[in-house]
Amino acid sequence: MGITDFFSDLLSSVSFVQDVHAEAPADDDESKEGGDDEANDEDGGDDKEEGGDEEGGDEEEGGDDDEEEEEEEEEEEPVDPKPQLEEDCAKSAQCSGYKHHYDECVERVTSAEENPDHKGPKEDCVEEYFHLQHCATQCAAVKLFKQLK
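Counting from 1 along the sequence shown, just add 13 to a position and that's the residue number in the working numbering.
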């Protein structure tokens, strides 16, 4: 037995595809229907009728699923208050200094990009932005936890 045989046996023993099985309640319903169908078969019923009954059972189950989906869609998702709180805090007096520095930086960068003769170092406002976001997050955290309690 070579190394390739070992790996091929190992690969064949590991299944990457899972078998899909029906749920137990659905099987119980089908078996009850199947019992009725078997009685019909004894009376001379056709196999086509049996197949039609099974599909009808699936459609009924599908109808139940549709009703459940509609109920789920009707439930409203709670609104996350954090973004609104952070925006309000960024505009508040507590973070006004950071907001002022960020706005000035944005003006400098914008004017430098518009001026084709600008040969200075390229600047971005990442540091100022993070300072503003940190301040807004710290401010909003206190308010957010008060709302959650």
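Here a beta-carbon is modelled for each residue, glycine too, at the ideal position from N, C-alpha and C.
Could you round the C-beta distance between residue i and residue j to whole angstroms and report it? I think they count as a contact, below 8 Å.
i: Y115; j: C138; result: 6 Å
i: C118; j: A153; result: Wrong, their Cβ atoms sit about 22 Å apart, outside the cutoff.
Could you pull the start and end residues of the alpha helix (DSSP H) that residue i belongs to?
i: S26; result: I16 to S26
i: A125; result: S109 to E127
i: D130; result: That residue, D130, is in no alpha helix (DSSP H); it is neither H nor E in DSSP.
i: V92; result: Careful: V92 lies outside any alpha helix (DSSP H) and carries neither H nor E.
i: H106; result: Sequence check: residue 106 is Ala here, not His. Unbroken run through A106: none, as it is neither H nor E.
i: C148; result: V139 to L161
Measuring CB to CB, does residue i end up less than 8 Å from residue j?
i: E136; j: R121; result: yes
i: L157; j: P94; result: yes
i: T150; j: E99; result: yes
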